[in-house]
Amino acid sequence: MNVPGFNRRGAWAIYKFEMARFRRTLLQSVVTPVITTSLYFVVFGSAIGSRISEVGGVAYGAFIVPGLMMLALFTESLSNASFGIYFPKFTGTIYELLSAPVSVLEIVLGYVGAAASKSVILGVIILATASIFVPIRILHPALMAAYLLLIACSFSLLGFIIGIWANSFEQLQFIPMLVLTPLTFLGGAFYSIDMLPGVWRTVTLFNPVVYLINGFRWTFYGASDIGVGASLSMTLGFFALCLVVVGVTFRTGYRLKN
Amino acid sequence: MPAALSISNLTKTYASGLHALKSVDLEIRKGEIFALLGPNGAGKTTLISTVCGIVTPSAGRICVDGHDAVREFRACRTKIGLVPQELSTDTFETVWATVSFSRELFGRPANPAFLEKLLRDLSLWERRKDRIMTLSGGMKRRVMIAKALSHEPQLLFLDEPTAGVDVELRRDMWGLVRGLRDSGVTIILTTHYIDEAEEMADRIGVISRGELILVEDKHALMKQLGKKQLTLHLQQPLMHTPAGLSEWRLALAAGGTELHFSFDASEERNGIPALLRRMDELGIGYKDLNTRQSSLEDIFVSLVSQRGQLRP
Ligand SMILES: Nc1ncnc2c1ncn2[C@@H]1O[C@H](COP(=O)(O)OP(=O)(O)O)[C@@H](O)[C@H]1O
Ligand SMILES: [Mg+2]
């Protein structure tokens, strides 16, 4: 029997398995972001928007749309990818994955690909919901799509790493709750960092999320707090780092094999 | 023709420092049923797990059908099917979905006709659309067997397949194992039921404390190590073994109505005729007599306890 160097069917099987898992919870997967987005518009858009009418020439309601999408993308990518690989570890079904003719490449493509796909779909749903509330224009649609994909993949990779690393459901929740949510809220999702006083503005520049959100916002409005080059290299760097960590994790079998 | 499985110097030391496998060498022939026997914690599951890629060996080499398990892991694993000891299934999936998944995961093209036959053979066909969580424990185990066979492996591992399994499934399982062997599949199983190993296996390996103590053809093993026991049903019960019979290793049983004599089946002169003559002389009458081959269990217990004495 001729065995190819890449098990394309295996990767596809994992991908379909994960997408089927999402389909089973389709309703809550779709309804939750729609309701959340609407709430953000009511709270931030109306309450704050009545005081801040414009940010850098963009209506406040429209200004927060990229940030909202990023926020959902971060949390959904992390939770889906981390749960996807953590659950088989938890139930013991991981034995099959470990004994299958698949390498880290097929496993990552399957799990991360599926989590990223779901995040992108959610991002589009949020965009559609937001467009009901505010008129949205996208200056660089191709770049916007590329950015969306890149961020979804990066955070799904990070989520995958967390899922491999985690030994309990608490640990699974730890990074998203304690690290990512604050970084996102402080990362200019709902305001321009130019609105901050000098010192805070400098401090904020150490928050990597700022670069991601601003880069994404730039693809919408062509304006951002930070140069799009810096933002894009930050995103690519983050993606590369996650790839390296995954590679090392599997090479050593860390927390997957004894 | 390369061996179905060839293991040399296989060693595993867990992070805890426990030596679960100590330089194991083992060669499995194509098409045989090999039973790995050993008490709990002997290292059976660890051995299987290293071959299947679930546990990373500390040292040693594994070859499956001539392919190195590390360098050619894809070729190796495509050939291997595993039914692990623990029952773990994707509870939310349907039977059909999970078995199809397994086949694809192992890189095989879809083959609904084959999967249908497999599910029918395992009495799972009627339940194919049901979610696994709705199945009983025995049915879940059948699902795990179906998953392991879904990609048509040439080498099948069954890790304590009948532990805690009902009679019907046990019978079906052995029927299946025989059928697989007839179609050329090599089978390695671990079991606590020694009578099963005795009944099913072609060869038997005994493992204890991470060491493979012996590997032997089943019949040769029985011959070599088998003790026989002669039972004499006495006419008159005895209080103690008569002094005149002290040359023989005898024991009284059944309230003094039975006399037991253990002897080596392999020995030419087993001492039975002499014993019977002496009993005649002493006037000890017996109604009936029979001999019994000692089971693998007896052999196994004596082997493991011998070893245990060597090493405190
Ligand atoms: N993940 C592990 N970490 C540390 N020790 C382990 C691990 N798995 C098994 N062991 C130990 O290794 C030995 C062999 O276990 P195992 O291979 O499961 O035996 P068996 O299957 O023959 O009952 C036991 O002493 C067991 O406690
Ligand atoms: Mg075991």
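Quick mapping for you: the protein sequence lines, in order, are chains P and S.
Sequential numbering from 1 applies to the first sequence in the working numbering.
Sequential numbering from 1001 applies to the second sequence in the working numbering.
For each residue, glycine too, the CB sits at the ideal point set by N, CA and C.
The model shown is predicted, which means the values in this text are computed figures rather than measured ones.
- Selection P:I226, P:P197 and P:E106 evaluated against G10 (chain P) yields P:E106 as nearest (Cα-Cα).
- Using a C-beta cut-off of 8 Å, the segment 127-144 of chain P makes no contact with the segment 194-201 of chain P, since fewer than three inter-stretch Cβ pairs fall below that distance.
- The residue from P:F133, P:S77 and P:G237 with its alpha-carbon nearest to that of L172 (chain P) is P:S77.
- Our two residues, L1155 (chain S) and V3 (chain P), have alpha carbons roughly 16 Å apart in a direct line.
- Those residues that have a beta carbon less than 6 Å away from any non-hydrogen atom of ligand 1 are, in order along the chain, P:N258, S:Y1014, S:S1016, S:L1018, S:A1020, S:G1038, S:N1040, S:G1041, S:A1042, S:G1043, S:K1044, S:T1045 and S:T1046.
- Going by beta carbons, G1271 (chain S) and S99 (chain P) fall outside the 8 Å limit.
- Three or more pairs of CB atoms, one per stretch, sit closer than 8 Å, so the segment 1274-1294 of chain S contacts the segment 1240-1249 of chain S.
- Within 7 Å of the C-beta of E1160 (chain S) there is at least one heavy atom belonging to ligand 2.
- At least 8 Å separates the CB of V228 (chain P) from every CB of chain S.
- P1084 (chain S) reaches chain P at Y95, counting residues in chain order whose Cβ is nearer than 7 Å.
- In this structure, Q1236 (chain S) has its beta carbon at no less than 7 Å from each heavy atom of ligand 2.
- Scanning its chain for C-beta atoms nearer than 8 Å, with the 5 sequence neighbours on each side dropped, one finds around D194 (chain P) the residues G56, R201 and D225, in chain order.
- In the three-state reduction of the DSSP assignment, T93 (chain P) falls in the coil class, being assigned neither a helical nor a strand state.
- By the CB criterion at 8 Å, F1073 (chain S) and P88 (chain P) fall outside the cutoff.
- In the assembly as shown, P1237 (chain S) is an exposed residue. Its beta-carbon has fewer than 16 other beta-carbons within 10 Å.
- Boundaries of the alpha helix (DSSP H) around I1145 (chain S): G1137 to L1149.
- Contact check between the segment 1187-1200 of chain S and the segment 1009-1018 of chain S: fewer than three CB pairs, one atom from each, fall below 8 Å, which does not count as touching.
- If you look at F185 (chain P), you'll find it in the alpha helix (DSSP H) that goes T181 to F185.
- For L236 (chain P), the enclosing alpha helix (DSSP H) stretches over residues V228 to T252.
- Distance from R1131 (chain S) to E1086 (chain S) at the Cβ level is roughly 20 Å; contact not present, criterion being Cβ atoms closer than 8 Å.
- Taking the C-beta atoms as reference points, M234 (chain P) is found no nearer than 8 Å to L256 (chain P).
- Comparing alpha-carbon positions, the option among S:S1058, S:R1071, S:L1005 and S:F1106 lying closest to K1022 (chain S) turns out to be S:S1058.
- Look at the segment 1103-1114 of chain S: the residues with a C-beta under 9 Å from a C-beta of chain P are R1103, E1104, L1105, F1106, G1107, R1108, P1109 and A1110.
- DSSP places N1290 (chain S) within a strand segment (E or B) once states are collapsed to three.
- Within the same chain, and ignoring the five residues on either side of E1160 (chain S) in sequence, the residues whose Cβ sits closer than 7 Å to its Cβ are Q1085, T1190, T1191 and H1192.
- Between G163 (chain P) and I85 (chain P), the C-beta spacing is below 8 Å.
- Assigned with DSSP and collapsed to three states, A1059 (chain S) falls in strand.
- Rounded to the nearest whole angstrom, the C-alpha separation of F83 (chain P) and L178 (chain P) is 17 Å.
- Interface criterion not met: the Cβ of W165 (chain P) is under 8 Å from no Cβ in chain S.
- Per DSSP, K1079 (chain S) is not a residue of any beta strand (DSSP E); the alpha helix (DSSP H) it occupies stretches across F1073 to K1079.
- Taking F22 (chain P) as the centre and dropping the five residues before and after it, the same chain places the C-beta of S29, N80, A114 and K118 closer than 8 Å to its C-beta, in chain order.
- In this structure, the CA atom of P33 (chain P) is about 33 Å from the CA atom of E1104 (chain S).
- DSSP, read as helix, strand or coil, puts V1083 (chain S) in strand.
- DSSP places R9 (chain P) inside the alpha helix (DSSP H), whose first and last residues are R8 to R24.
- Here E1168 (chain S) carries a helix assignment [DSSP, helix/strand/coil].
- Contact note: R9 (chain P) reaches chain S through R1103, E1104, L1105, F1106, G1107, R1108, P1109 and A1110, using a C-beta cutoff of 9 Å and chain order.
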